[in-house]
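With the sequence shown counted from 1, adding 7 to any position gets you our numbering.
Even for Gly, the Cβ is constructed at its ideal location relative to N, Cα and C.
This report refers to the structure that appears directly beneath it.
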Amino acid sequence: MVSTSNLTEKIQRGEEVSIRFRYPTDDILARVNSLMAKILSKLDLVFLLDTIITILREIILNAVKANAKRLFFEKLELDITDQKVYTNGMKIFKDTVINDLESISEDMNSSKYSITMRIKKLESGVRISITNNIKILPDELDRINFRIEKAMESEDFTEAYETVYDPAEGAGLGIILTILLLKNAGINPEFYSVTQKEGTITTSLLIPYILRPMETITSIKKQILEQVDALPTFPENILELQALCNNSEASIDEIASRIIVDPSLTADVLKISNSAGFITGKRIKSVNESIMIIGLRNLNSILTVAAARKILDKRYKKFEQIWSHCNKTAFYARTLAVELGMNNIVDQVFISGLLHDIGKIVLLSTDQNLINQVSDLVENRKIRSSTILEEIAIGISHSSIGALISNKWNFPDYLIEAINFHHSPLDADAEYNKIVSVVYLANMFAGIEIQKYGYSFIENEILERLNLTLGDLKKISLRLKTKLEKHTSLM
Numbered sequence: 008m009v010s011t012s013n014l015t016e017k018i019q020r021g022e023e024v025s026i027r028f029r030y031p032t033d034d035i036l037a038r039v040n041s042l043m044a045k046i047l048s049k050l051d052l053v054f055l056l057d058t059i060i061t062i063l064r065e066i067i068l069n070a071v072k073a074n075a076k077r078l079f080f081e082k083l084e085l086d087i088t089d090q091k092v093y094t095n096g097m098k099i100f101k102d103t104v105i106n107d108l109e110s111i112s113e114d115m116n117s118s119k120y121s122i123t124m125r126i127k128k129l130e131s132g133v134r135i136s137i138t139n140n141i142k143i144l145p146d147e148l149d150r151i152n153f154r155i156e157k158a159m160e161s162e163d164f165t166e167a168y169e170t171v172y173d174p175a176e177g178a179g180l181g182i183i184l185t186i187l188l189l190k191n192a193g194i195n196p197e198f199y200s201v202t203q204k205e206g207t208i209t210t211s212l213l214i215p216y217i218l219r220p221m222e223t224i225t226s227i228k229k230q231i232l233e234q235v236d237a238l239p240t241f242p243e244n245i246l247e248l249q250a251l252c253n254n255s256e257a258s259i260d261e262i263a264s265r266i267i268v269d270p271s272l273t274a275d276v277l278k279i280s281n282s283a284g285f286i287t288g289k290r291i292k293s294v295n296e297s298i299m300i301i302g303l304r305n306l307n308s309i310l311t312v313a314a315a316r317k318i319l320d321k322r323y324k325k326f327e328q329i330w331s332h333c334n335k336t337a338f339y340a341r342t343l344a345v346e347l348g349m350n351n352i353v354d355q356v357f358i359s360g361l362l363h364d365i366g367k368i369v370l371l372s373t374d375q376n377l378i379n380q381v382s383d384l385v386e387n388r389k390i391r392s393s394t395i396l397e398e399i400a401i402g403i404s405h406s407s408i409g410a411l412i413s414n415k416w417n418f419p420d421y422l423i424e425a426i427n428f429h430h431s432p433l434d435a436d437a438e439y440n441k442i443v444s445v446v447y448l449a450n451m452f453a454g455i456e457i458q459k460y461g462y463s464f465i466e467n468e469i470l471e472r473l474n475l476t477l478g479d480l481k482k483i484s485l486r487l488k489t490k491l492e493k494h495t496s497l498m
């Protein structure tokens, strides 16, 4: 297969390139991810990557469903043009195929039905079209156009969902997501279209070079911004301890004695120190021992983590699951940095991992019903990241909320970058791209373990940056999980 770098060069020269397949395997989706990352980077639009890939996955999914429907009706010898037969057939199709398309992937790969993705650079932008070699039914096209029209009229996710929901044909979520994502990205939704021609159906999207941002500020977003603004600053004792950590004349005994008088802080320092895995085969049992092993610079960072978590836990409901995920991500990030020979950033990626999801604490405390709806969509539709759905449903993502909190509390720049871009590492400042890349990859591994993501979701550009391949990922994932289990048992 032609490399994505060569395909990108052809597109830059104005040539049309195409990728043809019958069923979208992980390798094909990873190839699409890589190609889009390169194209958008060339156009200085890489910040659109998550949005565009999510839209393309939705379009591809709809194309696969349309082909699978034809194949299903043919195998059962049902007349898809007969309305009564169609209605009854769709009930069976939904129950047996629609939620498990992979089960018929072999049949699709040997069928006559295919999907062709074409990309061409025009004067106004880059056009992407996805074509099925099927003849669409008039009722099907009417339903598609109705969903597009209603989604364009809607300004929020719930309104659009309730308007176009169709239990017989599927919820129509793909079109809702696509239109709202385009609006949120500043792309005119009229650049998205579905047309039929000579026994084919084509969905097209134009990515313009010039965007027109349209911020949607919901009442929930306003509430979140007010809550972030109202968060207290770090306690005085933490600020004094951090100043001591930065004071070359301060002794370990002096700093330890200041920590020990606060039993809660002592417990936090020991807990975080042990979770770091600074040493193997030994549990850190005292503050003095902790400081001698981890050093004053790391103690300063651990005080930051302890203070941030205490403020959030006191102000909001405790989310142990989020902190547990952060602990795992931190351990994975530190282990990855060591394995990749990046010893100069092991401490930064660890602290970043411990705090990367602080924005989610505030988000989940705001409107649980809406967040649950977003979470279900991410899982059920295998969307790469919840961040973009949070943006269209609420107006702000947990990553952005985390960045706001980080700035309020004067976190170091590397930590702000890691929190802000742990779902979109290609957008991070070049100075901190290695830190952000490692935290991103660690977070992805933690998500893959609970089947929230797949390996194909991982940015190809990040793998190249870290000198890794898709083939390396499963081995690394198993190694990380084994090391964490061993460390946990020792602790």
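On a Cα-Cα basis, can you pick out the residue from Asn191, Asn152, Ser110, Glu23 that is closest to Pro31? Nearest neighbour of Pro31 by Cα position, chosen from Asn191, Asn152, Ser110, Glu23, turns out to be Ser110.
Could you check what DSSP says for Tyr199 in three-state terms: helix, strand or coil? In the three-state reduction of the DSSP assignment, Tyr199 falls in the strand class, which pools E and B.
Going by the beta-carbon positions, is the gap between Ile365 and Leu319 smaller than 9 Å? Yes; because the gap between Cβ atoms is below 9 Å, this pair is in contact.
On the DSSP letters alone, give me the boundaries of the beta strand (DSSP E) that Phe338 sits inside. Note, Phe338: premise wrong, no beta strand (DSSP E); alpha helix (DSSP H) at 327-346.
Please classify Asp275 as buried or exposed, where buried requires at least 16 other C-beta atoms within 10 Å of its C-beta. Around the beta carbon of Asp275, 16 or more other beta carbons sit within 10 angstroms, so the residue counts as buried.
Just the Cα atoms here: how many angstroms apart are Leu405 and Lys317? Reading off the sequence, residue 405 comes out as His, not Leu. So the two alpha carbons sit approximately 19 Å from each other.
Would you identify the three-state DSSP class for Met299, choosing helix, strand or coil? Three-state result, Met299: helix.
Measuring only the C-alpha atoms, how far is Ser282 from Lys325? The straight-line gap separating the alpha-carbon atoms of Ser282 and Lys325 is approximately 19 Å.
For Lys190, is the classification buried or exposed, using 16 other Cβ atoms within 10 angstroms of its Cβ as the cut-off for buried? Counting Cβ neighbours within 10 Å, Lys190 comes out buried, since at least 16 surround it.
Per the DSSP calculation, Thr6 is bridged to which residue(s)? Coverage of the chain is limited to positions 8 through 498, which leaves residue 6 absent and any answer about it impossible.
Contact defined as beta carbons within less than 8 Å: I believe Gly461 pairs with Asp33. What is the distance between those atoms, to the nearest angstrom? About 6 Å separates the CB atoms of Gly461 and Asp33; that is less than 8 Å, so the two are in contact.
How is Val24 classed by DSSP in three states: helix, strand or coil? Correct three-state label for Val24: strand.
According to DSSP, simplified to helix, strand and coil, what is Arg125? Looking at Arg125 - three-state DSSP - the assignment turns out to be strand.
Label Thr287 either buried or exposed according to how many other C-beta atoms from any shown protein chain fall within 10 Å of its C-beta, with 16 as the threshold for buried. With a pLDDT of only 49 at Thr287, under 50, the local geometry of the prediction cannot be trusted, and the value read off the model is given with reservation. So Thr287 counts as exposed.
Please classify Gly132: does DSSP put it in a helix, a strand, or coil? It is a strand residue.
Residues near Ile135 in its chain [Cβ-Cβ closer than 6 Å; skip 5 each side]: In the same chain as Ile135, and ignoring 5 residues on each side of it, the C-beta atoms closer than 6 Å to its own belong to Ile126, Leu212, in chain order.
Would you identify the three-state DSSP class for Pro419, choosing helix, strand or coil? In the structure shown, Pro419 falls within a coil segment according to DSSP collapsed to helix, strand and coil.
For Pro215, which beta-bridge partners are listed by DSSP? When beta bridges are read from the DSSP output, Pro215 appears opposite Gly132.
Can you tell me which of Tyr93, Lys76, Ile137 puts its alpha carbon nearest to the alpha carbon of Ser25? That would be Ile137, whose Cα lies nearest to the Cα of Ser25.
So the alpha helix (DSSP H) Ala257 belongs to, where does it begin and stop? No alpha helix (DSSP H) holds Ala257; DSSP gives it neither H nor E.
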